[in-house]
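Scroll down for the structure; my scribbles are underneath it.
Numbering (UniProt numbering), first residue to last: 1 to 307.
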């Protein structure tokens, strides 16, 4: 675990160096023996890079929020079916109204928030079900994900790649990210309540259900917005959030920034390899993201204790 301000500064420096390197590679590396033109950089590579940086940060932050507010250490939004539900909703909407594809980022965020509201009416409302929550969420996620696969088979709607990211997608994701940041900043200190036992929070007169709704709206919106383009990615947010817990320590509020930065690095690196390893063949960014994140499970399991 990182200890001391000096080690934290070094860790931040390494992360920022990683961001600079991957940004330079994504924007400037020649592929197919040709250097990228200005048009390719501005219309193709830059939107893709921005979406990867923002999207990775948003997936990671979403996991931290869900783990904290649901008091489940090994959980993320993909295990609640929010990503799969958003993906299925976008596929249905696009089939019925193709123009909706232009607004898919906003649509994905809205669908995920709607599904979160439905879940809170039953499953998430009863905290006594916390022991079976991951299992119930995974069951629903599998069902929704299978529905999406059947619906979009050979339709070309969801390639789980950032190859089709547009400038509109990038700025739309930026707007969703900014709204979430502003919401978090207005109520950031309230996240520390979830570090206390539930009975203690109740004694303080804090409505935990109402407080968790505020934070979970941000988390669901983030996850749905990224899923709209990238598709459902299972467990990655969970892994990244827990890596920061093991390495960084501290409370959830203090971990938001380092988790976001690591998520940004990991998705942008994953997308760079997905785009360049077999160029001009485009590998699925989502699959590459899971492939590169999976080894970090060993880091988590290495320090696992029966807690």
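A virtual CB, placed ideally from N, CA and C, is assigned to each residue, including glycine.
This one's a predicted model, so the numbers in the text were calculated from it and none came from an experiment.
According to DSSP, what are the bridge partners of residue i?
i: residue 34; result: 31
Going along the chain, which residues of its own chain have a beta-carbon closer than 8 Å to the beta-carbon of residue i, five neighbours each way excluded?
i: residue 15; result: 258, 261, 262 and 265
i: residue 183; result: 214, 217 and 218
i: residue 45; result: 26, 27 and 36
i: residue 32; result: 279 and 280
Near residue i, what residues of its chain come up, given a Cβ to Cβ distance below 6 Å and the 5 sequence neighbours on each side ignored?
i: residue 170; result: 47, 50 and 51
i: residue 108; result: 86, 90, 224, 225, 227 and 228
i: residue 234; result: 78
i: residue 154; result: With a pLDDT of 47 at residue 154, under the threshold of 50, the predicted position of this residue should be treated as unreliable, though the coordinate-derived value follows. Result list for residue 154: empty, nothing under 6 Å.
i: residue 103; result: none
i: residue 220; result: 82, 112, 113 and 116
i: residue 282; result: 161 and 163
i: residue 57; result: 260, 263 and 264
i: residue 29; result: none
Looking only at its chain, what residues have a beta carbon closer than 7 Å to the beta carbon of residue i, apart from the 5 residues adjacent to it on each side?
i: residue 299; result: 243 and 246
i: residue 157; result: The pLDDT assigned to residue 157 is 46, lower than 50, so where the model puts this residue is not dependable; a value taken from the coordinates is nonetheless given after this. The answer, listed in chain order, is 91 and 94.
i: residue 10; result: none
i: residue 17; result: none
i: residue 119; result: 80
i: residue 285; result: 160, 161, 162, 230, 270, 271 and 274
i: residue 55; result: 173, 226, 230 and 267
i: residue 251; result: 192 and 195
Give the C-beta separation of residue i and residue j to the nearest angstrom, bearing in mind that I take them to be a contact with Cβ-Cβ under 8 Å.
i: residue 60; j: residue 223; result: Between residue 223 and residue 60 the Cβ distance is about 10 Å, and since that is not below 8 Å, they are no contact.
i: residue 268; j: residue 64; result: That belief does not hold up - the Cβ atoms of residue 268 and residue 64 are roughly 19 Å apart, past 8 Å.
i: residue 162; j: residue 230; result: 7 Å
i: residue 71; j: residue 194; result: 7 Å
i: residue 84; j: residue 232; result: 5 Å
i: residue 144; j: residue 53; result: In fact, because the Cβ distance is near 27 Å, the residues do not count as touching under 8 Å.
i: residue 236; j: residue 289; result: 6 Å
i: residue 211; j: residue 185; result: No, residue 211 and residue 185 are not in contact; Cβ-Cβ is about 16 Å, not under 8 Å.
i: residue 167; j: residue 34; result: Wrong, their Cβ atoms sit about 22 Å apart, outside the cutoff.
Open item on the list: Quick check for students: name the residue ranges of the alpha helix (DSSP H) that lie wholly in the stretch 151-238, counting only runs of 4 or more.
Closed with: As far as the stretch 151-238 is concerned, its whole alpha helix (DSSP H) runs of at least 4 residues are 167-186, 198-203 and 208-230.
Open item on the list: Contact between the stretch 225-245 and the stretch 26-46 is defined here as three or more beta-carbon pairs at a separation below 8 Å; is this criterion met?
Closed with: No contact exists between the stretch 225-245 and the stretch 26-46.
- [ ] Answer yes if the stretch 100-118 comes into contact with the stretch 173-181, meaning at least three C-beta pairs across the two stretches below 8 Å, and no otherwise.
- [x] Touching, yes, given that three or more Cβ pairs across the two stretches are closer than 8 Å.
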